[in-house]
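Count the sequence shown with our numbering and you get residues 1299 to 1664, in order.
Glycine included, every Cβ here is placed at the ideal spot set by N, Cα and C.
First up is the structure itself, then whatever we jot down about it.
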Amino acid sequence: MAKLFEPLTLGDLTLSNRIVIAPMCQYSAEDGRMTDWHAIHLGNLALSGAGVLTIEATAVTPEGRISYGDVGLWDDETEQAMDRVLQTVRRWSDMPIAIQLAHAGRKASTAKPWDGGAQIAPGHANGWQTVSASDIPFQDDENAPEALDVAGLARIRDAFADAARRSARLGLDAIQIHAAHGYLLHQFLSPLSNRRTDEYGGSLQNRMRFPLEVFDAVRAAFPAEKPVTVRVSGTDWVEGGWDIEQTIAFSKALEARGVSAMHISSGGLHPAQAIPVGPNYQVPLARRVKEAVSVPVVAVGLITEPEQAEAIVATGDADMVAVARTVLYDPRWPWHVAAALGEQVKVAPQYLRSQPHRYKDLFTAG
Ligand SMILES: Cc1cc2nc3c(=O)[nH]c(=O)nc-3n(C[C@H](O)[C@H](O)[C@H](O)COP(=O)(O)O)c2cc1C
């Protein structure tokens, strides 16, 4: 049996295979509320045969959105909008659904990517004042974020916990905390963006403090049997920045606090990053974390081929693989992987007749 298709259990959640659909912002919400686009998009991916589907970066406060089109989960309206989408998707698919809870910090208040993605300064339409660990902008010419004071930290920590409670009420199967890609929690972790002189800056211990507090708050607010995972950048790819050794220390601290799995991505914190992009470019980072912790580890980044995905889990580089562009381009990618590896995927009965003759036992009915 292919290792990729061995079930994996996290808390009370069992994934039927180790293919994870990574979170992907759609920039198609209205005032934080999911729209019909999300029902189409998530519904499509929920028919893919993957082990779990992760909802895009979901802001815990309005100013924590990357753009004004981001999904949020900060009040009853945003919760109800997500509930409507989830009801539609769940009526036709029982794929487990996780949510990524996020705050963009200094990388908030931008145009949508297809409108150029530039920062929108406060005072302009769809723009607002950003916040961060320190008052250092991402790009030199951008409006600087306000450094959060202790009351601001408490407000955001509580917002993460509140969103976790709403996620539980929505019946979501898992939470992933977004501490990667240069967003707020990563801004606390990296010495390039965190120049604080209080107990939240300076030493590694201090830089990890706020992200760990957020983890504890989310963990306490979400049912104990349901997984809470963390996505982290394994390195900034910048000299003097966050690196794999610090990532390992952070992963160990999270493991001691009960994290269910670590998801290892990279970059996003600094414009000077030099990323050696290519197949498996982040897999060695995942392997380093896997060697250091005993919780499951997810690898991600340009994983596009069935044998490549199988090799990552079979050789012990990681326990799961996550895909984003791969599955946007080919939403039946897990079917094709199963076919290539001689395995099976669960399929909606409406699609059973699509099975090609050469793959006699590809499908199990959903
Ligand atoms: C359209 C799009 C939206 C994304 N949105 C998010 C997001 O909301 N949260 C996140 O952590 N990563 C996000 N990412 C990054 C992906 O989750 C993934 O880590 C990255 O694309 C590398 O995997 P891939 O090579 O399979 O695309 C996004 C990527 C794409 C292409």
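From the DSSP output, read off the bridge partner residues of residue i.
i: Met1560; result: Val1528, Val1595
i: Phe1661; result: Val1643
i: Gly1370; result: Ala1357
i: Val1619; result: Ile1317, Ala1597
i: Leu1311; result: Leu1308
i: Arg1656; result: Bridge partners of Arg1656: none, in fact.
i: Ser1365; result: Thr1408
i: Thr1352; result: Ala1396
i: Arg1331; result: Glu1328
From residue i to residue j, what distance separates their C-alpha atoms?
i: Trp1540; j: Asp1534; result: 5 Å
i: Gly1330; j: Tyr1657; result: 43 Å
i: Gln1498; j: Ala1400; result: The sequence given here has Tyr at residue 1498, not Gln. Rounded to the nearest angstrom, the two C-alpha atoms are 19 Å apart.
i: Gln1571; j: Leu1660; result: 42 Å
i: Ser1346; j: Ala1449; result: 43 Å
i: Ser1501; j: Arg1507; result: 10 Å
i: Thr1522; j: Pro1305; result: It is Ala, not Thr, that sits at residue 1522 in the sequence shown. Rounded to the nearest angstrom, the two C-alpha atoms are 21 Å apart.
i: Lys1524; j: Gly1640; result: 31 Å
i: Ser1314; j: Asn1504; result: 39 Å
i: Gly1537; j: Arg1630; result: According to the sequence shown, residue 1537 is Glu rather than Gly. Distance between the alpha carbons of Glu1537 and Arg1630 is about 39 Å.
i: Thr1602; j: Gly1421; result: 42 Å
i: Ser1592; j: Gln1580; result: 19 Å
i: Arg1651; j: Asp1617; result: 32 Å
i: Ile1317; j: Thr1352; result: 11 Å
i: Leu1340; j: Val1387; result: 7 Å
i: Gln1648; j: Asn1424; result: 42 Å
i: Trp1278; j: Glu1608; result: Outside the displayed span of the chain (1299 to 1664) sits residue 1278, for which this structure offers no information.
i: His1336; j: Val1383; result: 7 Å
i: Ala1472; j: Thr1527; result: 8 Å
i: Arg1517; j: Ser1365; result: 27 Å
i: Gly1415; j: Lys1405; result: 10 Å
i: Ser1488; j: Ala1638; result: 41 Å
i: Trp1390; j: Asp1456; result: 34 Å
With a Cβ-Cβ cutoff of 7 Å, do residue i and residue j count as a contact?
i: Ser1465; j: Leu1308; result: no
i: Val1619; j: Ala1646; result: no
i: Leu1483; j: His1568; result: no
i: Ser1432; j: Arg1494; result: yes
i: Ile1395; j: Leu1470; result: yes
i: Gln1398; j: Thr1408; result: no
i: Phe1520; j: Ala1452; result: no
i: Ile1319; j: Val1625; result: yes
i: Ala1402; j: Tyr1325; result: no
i: Cys1323; j: Ala1355; result: yes
i: Met1560; j: Val1595; result: yes
i: Pro1654; j: Val1635; result: no
i: Phe1380; j: Leu1468; result: Inspection of the sequence shows that residue 1380 is occupied by Met rather than by Phe. For Met1380 and Leu1468, yes; Cβs fall inside 7 Å.
i: Thr1689; j: Gln1642; result: Residue 1689 lies beyond the residue range present for the chain, which begins at 1299 and ends at 1664; the question has no answer from this structure.
i: Arg1573; j: Gly1565; result: Rather than Arg, the amino acid found at residue 1573 in this sequence is Ile. It is a contact, given that the beta carbons lie within the stated cut-off.
Grab the span of the alpha helix (DSSP H) containing residue i for me, first residue to last.
i: Ile1338; result: 1334 to 1343
i: Arg1585; result: 1581 to 1590
i: Ile1610; result: 1604 to 1612
Continuous alpha helix (DSSP H) assignments of at least 4 residues falling wholly in the stretch 1384 to 1462: Runs found: none.
Whole runs of the alpha helix (DSSP H) within the stretch 1471 to 1548, excluding any shorter than 4 residues: Entirely contained in the stretch 1471 to 1548, the alpha helix (DSSP H) runs reaching 4 residues are, in chain order, 1482 to 1487, 1502 to 1519.
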